[in-house]
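K.L.:
For what it's worth, the UniProt record's numbering labels the leading residue of the sequence shown as 1, then goes sequentially. Each residue gets a CB set at the ideal place from its N, CA and C atoms; glycine is no exception.
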Amino acid sequence: MTDKPSNNHSKSSGVPKLFDLYSSDPAAADFKIFGRVPDQNRRGFLKGAGLATMGAMLGAAIPFSKNMPSGLVPVALADTAGIIEGKDGLTILNDRPVNAETPPHLLDDTITPINRHFVRNNGVPPEEVNVDTWTLTIDGLVDKPMKLSIADLKSKFEVVTLALVIECGGNGRSYFNPPAKGNQWSLGAVACSEWTGVRLKDVLEAAGVKSNVVYTAHEGADTHLSGDPEKLPISRGVPIAKAMDPNILIAFEQNGEAIHPMNGAPLRLVVPGWPGSCSQKWLTRIWLRDQIHDGPKMTGTAYRVPNHPVEAGEKVDKKDFAIIERMPVKSLITFPQTGLETTDKDMIVRGHAWSGDRDITSLVVSIDFGATWQNVKLDKAVNTGAWQNWSTQITFPQSGYYEVWAKATDSNNESQPHAINWNPKGYLNNTMHRIAVRVS
Ligand SMILES: Nc1nc2c(c(=O)[nH]1)N[C@H]1C(S)=C(S)[C@@H](COP(=O)(O)O)O[C@H]1N2
Ligand SMILES: [Mo]
């Protein structure tokens, strides 16, 4: 590789050659990552695929193949296939509700492009949204309940633009053992787009927060999978002190454009550094309450972890769960892509690091399975709430198989663990990211 270190994480030149991490048979490898769709054109491809190809992808012959209607896509392959308009390169985990993550090498940019921002839906997004008639209600324990249009938000409050990290609380769940139920995110339920909007704090202050307010409650216009109009798919909130964080936005633009429909157009909350579920999409209401909000996905074990250390697989009493607040220290290697095959012993490695609402103070990488570490160049965040870029040059001593590991430390001196901190629902996995490189 001859790539120069780049602070702005500009697109890398040339297409890296990837070795197959799983087997020498590409179709079989595709099956090994069953439930992940490396290629968005797969549905189309499958429609035209012959039996031998489908058999290879399924990892087995199809005994009753003579009964299969022509053009039938085996459900084992079709369930995860699909295309989300305006997104590309994402791995689709589910299509009802839609959930899609971004492979780490497609998160190389400092500001995540709209087409690369992951999608996490709990219900069905609103079909049609009208920017001109959309309203946001602020009510509950406020002096002046308000109903604001997007034009009102823009004219009555200061408009700010911030790069902000949104990470799903369940990012990394697929690595839990014993496994945890839920979307099997690997590493890519995280993004840092630039959001333009008004500060939640300014809007709440204009409404007048009563002294007995404890928590916010957020509501959106998406509908429950059951179709029941009375039920919200998700409604979470944050403690009122957190709601006053000046980096929390009520956003109407993503990267200077209209928000992508799957990312909450035309209006959403962005609560950087806290579980993505706090960042209500298709935002219609913020209700101030005198108790911890108890909306859907606020109670039970949703977005909660045991309040004491537990063994992997241990049964935990429901009363011992605490609401997740900040997301932990974490980093990604976004260049090169795992599986890189190279003849060059010198290589640039780079990525991002973030830690809830704290700064990253150092990042180290290892090419010898953690025996030795080297410090890397770490940039400041473009603003509070954004991730930080890091990059370094590494030199492999000889040809062979290597893993590059990255480990970040934050301003509270917390580092990423080597092994998973297991919890029953598979939240907060911040183990080090490892990539494979073969030098020949
Ligand atoms: N209205 C609404 N808001 C929502 C959700 C949802 O299903 N409905 N999902 C939440 C979750 S769990 C996450 S991780 C983030 C994901 O934001 P994104 O889809 O824009 O990446 O949105 C949050 N806001
Ligand atoms: Mo999430």
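Is K330 helix, strand or coil when you go by DSSP?
P.N.:
strand
K.L.:
Can you give me the start and stop residues for the beta strand (DSSP E) that A436 sits inside?
P.N.:
433 to 439
K.L.:
Enumerate in chain order the residues of its own chain whose CB-to-CB distance from A322 is below 7 angstroms, with the five nearest sequence positions on each side excluded.
P.N.:
Excluding residues within five positions, the ones whose Cβ falls inside 7 angstroms are R304, V305, N307.
K.L.:
Does ligand 1 have even one heavy atom less than 6 angstroms from the beta-carbon of V270?
P.N.:
Incorrect: V270 has no Cβ contact closer than 6 angstroms to ligand 1.
K.L.:
Looking at ligand 1, does it come within less than 6 angstroms of F118, judged from the CB to the closest heavy atom?
P.N.:
yes
K.L.:
Excluding sequence positions up to five away, which residues of its chain have a Cβ less than 6 angstroms from the Cβ of V364?
P.N.:
W373, N375, K407
K.L.:
The beta strand (DSSP E) spanning A322 covers which residue range?
P.N.:
From DSSP, the beta strand (DSSP E) with A322 extends over 321 to 323.
K.L.:
Report the partner residues of I166 according to the DSSP bridge assignment.
P.N.:
Answer is A191.
K.L.:
Three-state secondary structure (DSSP) at S277?
P.N.:
helix
K.L.:
Which same chain residues end up closer than 8 angstroms to Q393 when comparing Cβ atoms and leaving out the 5 residues on each side of it in sequence?
P.N.:
P5, D346, M347, I348, V349
K.L.:
Applying the criterion that 16 or more other CB atoms from any shown protein chain within 10 Å of the CB defines a buried residue, is P63 buried or exposed?
P.N.:
Of the residues assessed, P63 falls on the exposed side of the cut-off, its CB having fewer than 16 other CB atoms within 10 angstroms.
K.L.:
Consult DSSP for H105 and reduce its assignment to one of helix, strand or coil.
P.N.:
The answer is helix: DSSP assigns H105 an H, G or I state.
K.L.:
Per DSSP, what kind of secondary structure is L72 in: helix, strand or coil?
P.N.:
Coil at L72, not helix or strand.
K.L.:
Going by alpha carbons, who is nearest to P229 out of E194, R173, G123, P246?
P.N.:
G123
K.L.:
When every heavy atom of ligand 1 is checked, does at least one fall within less than 6 angstroms of the C-beta of Q254?
P.N.:
no
K.L.:
Measuring from the CB of G169, is there a heavy atom of ligand 2 at a distance below 6 angstroms?
P.N.:
yes
K.L.:
Answer yes or no: do P233 and D222 have a C-beta to C-beta separation smaller than 7 angstroms?
P.N.:
yes
K.L.:
Please name the residue, chosen from I324, A243, S65, K147, that lies closest to C168 on a Cα-to-Cα basis.
P.N.:
I324
K.L.:
Compute every distance between the C-beta of I234 and the non-hydrogen atoms of ligand 1, then say whether any falls below 6 angstroms.
P.N.:
yes
K.L.:
Give me the residue from A371, V439, K425 with the minimum Cα distance to A312.
P.N.:
Checked all of A371, V439, K425; the closest Cα to A312 is K425.
K.L.:
Since V271 contacts I248 with CB under 8 angstroms, what's their CB separation in whole angstroms?
P.N.:
Contact annotation, V271 with I248: C-beta distance approximately 5 angstroms; criterion of less than 8 angstroms satisfied.
K.L.:
Nearest CA to the CA of T338: which residue from I435, W134, T161?
P.N.:
Ranked by how close their Cα comes to the Cα of T338, the residues I435, W134, T161 have I435 in first place.
K.L.:
Between the alpha carbons of N177 and L72, how many angstroms are there, rounded?
P.N.:
35 angstroms
K.L.:
Taking only three categories from DSSP, how would you classify E314?
P.N.:
DSSP, read as helix, strand or coil, puts E314 in coil.
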